[in-house]
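Taken in order, these protein sequences are the chains called G and E.
For the first sequence, full-length UniProt numbering begins at 1 and goes up steadily by one.
For the second sequence, full-length UniProt numbering begins at 1 and goes up steadily by one.
Cβ atoms here follow ideal geometry from the backbone N, Cα and C, with glycine treated the same way.
It should be emphasised that the depicted structure is a prediction, and the values quoted were computed from it without experimental measurement.
Data first, discussion second: the structure below is written as structure tokens.
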Amino acid sequence: MAGPVQSIERAAAILRLLAGGPRRLGLGEVAASLGLAKGTAHGILRTLQHVDFVEQDAATGKYQLGAALLHLGTSYLDVNELRSRSLNWADALAARSGEAVRLGTPLEGKVLVVHHVFRPDDTLQTLDVGSLLPLHASSLGKVLLAYGTASLEPPDAELEAYTRHTLVTPERLGRALAEVRELGWAAELQEMSMGEGGLAAPIRGQGGLVVGAIGLSGPVERLCDGPGHPRPSLITLLREAARAISRDLGAARW
Amino acid sequence: MAERYVMSIDQGTNSTRCILFDHRGRLVSVAQREHHQHFPRPGWVEHDAVEIWQNLQRIVPEALSGAGVDQAGVAAVGVANQRETTVLWDRRTGAPVGRAIVWQDTRTAPLVEEFGERPGEEFFLERCGLPPSTYFSALRLRWLLDHVTGLRQRAEDGEVLFGTMETWLIWNLTGGADGGLHITDATNASRTMLMNIRTLTWDDELLAFFGVPRPMLPEIRSSAEIYGEARALLPGVRITAALGDQQAALFGQTCFSPGEAKCTYGTGSFLLLNTGNDLVRSRHGLLTTVAYRIGDQRPVYALEGSIAVTGALVQWFRDRLGLISSAPEIETLARTVDDNGGCYIVPAFSGLFAPRWRSDARGVIVGLTSYITKGHLARAVLEATGWQTREVVDAMNADSSVALRQLKVDGGMTSDNLLMQFVADVLDVPVVRPLVAETVSLGAAYAAGLAAGYWPDLAVLRSNWHRAAQWLPDMDPARREEEYDNWRRAVERSLDWVRPPRSG
Chain G
1 MAGPVQSIER AAAILRLLAG GPRRLGLGEV AASLGLAKGT AHGILRTLQH VDFVEQDAAT
61 GKYQLGAALL HLGTSYLDVN ELRSRSLNWA DALAARSGEA VRLGTPLEGK VLVVHHVFRP
121 DDTLQTLDVG SLLPLHASSL GKVLLAYGTA SLEPPDAELE AYTRHTLVTP ERLGRALAEV
181 RELGWAAELQ EMSMGEGGLA APIRGQGGLV VGAIGLSGPV ERLCDGPGHP RPSLITLLRE
241 AARAISRDLG AARW
Chain E
1 MAERYVMSID QGTNSTRCIL FDHRGRLVSV AQREHHQHFP RPGWVEHDAV EIWQNLQRIV
61 PEALSGAGVD QAGVAAVGVA NQRETTVLWD RRTGAPVGRA IVWQDTRTAP LVEEFGERPG
121 EEFFLERCGL PPSTYFSALR LRWLLDHVTG LRQRAEDGEV LFGTMETWLI WNLTGGADGG
181 LHITDATNAS RTMLMNIRTL TWDDELLAFF GVPRPMLPEI RSSAEIYGEA RALLPGVRIT
241 AALGDQQAAL FGQTCFSPGE AKCTYGTGSF LLLNTGNDLV RSRHGLLTTV AYRIGDQRPV
301 YALEGSIAVT GALVQWFRDR LGLISSAPEI ETLARTVDDN GGCYIVPAFS GLFAPRWRSD
361 ARGVIVGLTS YITKGHLARA VLEATGWQTR EVVDAMNADS SVALRQLKVD GGMTSDNLLM
421 QFVADVLDVP VVRPLVAETV SLGAAYAAGL AAGYWPDLAV LRSNWHRAAQ WLPDMDPARR
481 EEEYDNWRRA VERSLDWVRP PRSG
């Protein structure tokens, strides 16, 4: 195994230094305090600034800790912003796949549906934004669990069986989640309701952190081209949409 | 044979977009580029027409390569554009005369006041369906003729051409100084105040009144017909449609029957109601405008309610008050409370547009108590858009024989569920969002594809429309009336604020 990454150690030292005092520090002070060349310190500070961990005062050019550090671990991304940024891609996914599209984020041990695009066949459908889905029995939930974005509450919670296909033992769920990480997408086949299924893929924000999941849902016979075998064309469309949204989220804020 | 697409160019206020659509009206590729906003003086807004043409030259190849085709893969091109923005240029060199004056520019306010008194609104309404406003092109053109030395003579000699953005882009696409087509369409011409709304031709009395030399005006064509072939950028590709952006959105929403309406929620919001071949004169503050004209068919008209400030209020909340860091967060903040707490915001930042048309109004926040939090303010921000929509819909219902049964919506603000539910609640009709949010671009593509035979008829376009979301009204009628009454009382408090400067 490789040793510690020097630049990350240095970045951590800079953050500690800035957190240590009430005062903003100039580039020279940071470099001198840590025994770094000014160029090196500047490069690290600029990177930290890029990820909003450090802010630079416009007037004096001095540095302080950034607002993003305060929110670390509390909020990843505003769900309404996630919906707004996903709108066009979710529409395109529904148009191309012919199935309903949902976006999910974690909320208190469940999946919160933050966006819903109707199946484009003009049948009567009800908007279910705001409703909650089980983590272990939905494809959106499995993605959130697999990438550590959500966790079961409590961790040893009993896994409710919605159908005979629901994964109710921690072992089977654990294996399924490992498979999700390996494949990059999750399937839910009659695990929440008989005859129905779902496919989901992760949406990543800045730095690659999974902030939510996007998924298709519909009758299993439409999602699969054989028993337990989701259609590759749908997986491709789904993953393209997830990647497009992720690219959008990694870019500058609007 | 490789699939062919229809290209739409949307020349908007902030950016120019180029989108390719397939047979099913699905978006295939997008390229977009913003242009600079010039604010040389308070109230002045200008664009550089050359920059916009250069942006188009960059995004068209980007959109083509995004779809993996060259111009042979494009069946037709349609243009949608920011309306009323005025460009003048030299016929021989193609160089613009100064910057384009944008629809938001209010430099012509003194002219509006003057013309409102003499000859009075009726003179204009009778001929072009519009009251004098800083909004429309003729006043800007008059201002330019009055202020640019030698311009009037050059215009009379046919050296200087006038156009809105679609005219400028089509002229450049079809050869520019070397024989470019100098044309506009009936929807754009209907926003100049120079076109007779019945005959769809330039109106002699209006031209005489504004002192506009006829040689500078483009030929008025249908919104969908084969204008000619591009010579630059997309050599050989037929240009077959042009519509003002709001009319394009109406078309993209497939509101082809009388009584169908759409509202596009952006910086401002624009509600258009198809009134069929009937020209409806509003008695309630709406504009009469051409919705579209296909080939040599009879024109289809629309009533339009323009709301100046909707999304712009959210932007103000974000950029000026700093209470949110991105526009969608307004919903998050608004959901921290259950109601508006008795607080109402009337965003009459530059007066009120439809249906009141009060330039003397300015914004107010009423009902402030120590109880009010930023969450209540966020609610009031969203509700302002809902109530302004309600006022326009009431005006439409009063003017038109059929009451609105559902509202089709599009634009960036439709991602706000709280707002869309509120709109459904206060209108008491279902609000539906289509699967393709880019309705302006789609409308231009539809019109272009129709004229080029890419799509056979309107029925096929209608079958491409799919519902992506629907919000159903769910508000107690008594509460709706009470809140509406509160809103109206708040609006009263915004009126009569700006007064003419005291003389002496």
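Check                                                                                                                     : Outcome
Length of the line joining the Cα atoms of A327(E) and N340(E)                                                            : 19 Å
Contacts of A94(G) in chain E (Cβ-Cβ under 9 Å)                                                                           : L435, H466 and A468
H466(E) versus R83(E) - alpha carbon distance                                                                             : 27 Å
Cutoff 7 Å: E81(G) Cβ touching any chain E Cβ                                                                             : yes
Cβ neighbours of G228(E) in the same chain (closer than 8 Å, five flanking residues each side left out)                   : T174, L181, R238 and I239
V113(G) - DSSP class collapsed to helix/strand/coil                                                                       : strand
Endpoints, beta strand (DSSP E) assigned at I345(E)                                                                       : Y344 to V346
DSSP state of W89(E) mapped onto helix, strand, coil                                                                      : strand
Distance between G150(E) and A380(E) (C-alpha atoms, nearest Å)                                                           : 50 Å
Selected residue, minimal CA-CA separation from P132(E), among S494(E), R191(E) and V498(E)                               : R191(E)
Unbroken stretches of the alpha helix (DSSP H), 4 residues or longer, contained in the region 43-118 of chain E           : 49-67 and 109-115
Check whether residue 256(G) and H229(G) have beta carbons under 7 Å apart                                                : Residue coverage of chain G in this structure runs from 1 to 254, which leaves residue 256(G) outside it and unanswerable.
Contact the region 466-479 of chain E vs the region 428-437 of chain E: 3+ CB pairs below 8 Å                             : yes
Closest by C-alpha distance to residue 505(E), when choosing among L161(E), W89(E), L20(E) and W487(E)                    : An answer regarding residue 505(E) cannot be provided, because it is not within the stretch 1 to 504 covered by chain E.
7 Å Cβ cutoff, V417(E) in contact with chain G                                                                            : The question names Val, but residue 417(E) in the sequence shown is Asn. Yes - at least one Cβ of chain G is within 7 Å of the one on N417(E).
Boundaries of the beta strand (DSSP E) in which G411(E) is found, first to last residue                                   : Neither: G411(E) is in no beta strand (DSSP E) and is coded neither H nor E.
Cβ shell of A469(E) (< 6 Å), same chain only, five flanking positions each side left out                                  : R433
Helix, strand or coil at V211(G) [DSSP, three-state]                                                                      : strand
Cβ-Cβ separation, V280(E) to L243(E) (assumed contact under 8 Å), whole Å                                                 : In fact, because the Cβ distance is near 20 Å, the residues do not count as touching under 8 Å.
For S269(E), the three-state DSSP class (helix, strand or coil)                                                           : strand
Selection from M413(E), S325(E), T289(E) and Q32(E) that minimises the alpha carbon distance to N277(E)                   : T289(E)
Collapsed DSSP secondary structure at K262(E) in the structure displayed                                                  : strand
Check whether I345(E) and A308(E) have beta carbons under 7 Å apart                                                       : no
Inter-stretch contact (C-beta, 8 Å, three-pair minimum) for the region 115-126 of chain G and the region 74-91 of chain G : yes
One or two residues paired with Y301(E) in a DSSP bridge                                                                  : G276(E) and V290(E)
Proximity of A100(G) and R83(G) at Cβ, strictly below 7 Å                                                                 : no
Per-residue burial, H50(G) [other beta carbons within 10 Å of its own, 16 or more giving buried]                          : exposed
A76(E), buried or exposed, once every other Cβ within 10 Å from all chains shown has been counted against 16              : buried
Span separating the alpha-carbon of A63(E) from that of A37(G)                                                            : 45 Å
Exposure label - Y371(E); buried when at least 16 CB within 10 Å                                                          : exposed
Length of the line joining the Cα atoms of I243(G) and V143(G)                                                            : According to the sequence displayed, residue 243(G) carries Arg and not Ile. Rounded to whole angstroms, R243(G) to V143(G) spans 14 Å at the Cα level.
CB contact below 7 Å: G129(G) versus chain E                                                                              : For the sequence presented, residue 129(G) should be read as Val rather than Gly. Judged by the 7 Å Cβ criterion, V129(G) is in contact with chain E.
Sub-7 Å separation of A155(E) and M216(E) beta-carbons                                                                    : yes
Chain G residues whose Cβ lies nearer than 8 Å to that of R26(E)                                                          : A92, A95 and R96
is_contact[F53(G), chain E] using C-beta, thresh 7 Å                                                                      : no
Three-pair Cβ contact test at 8 Å for the region 231-248 of chain G versus the region 411-428 of chain E                  : no
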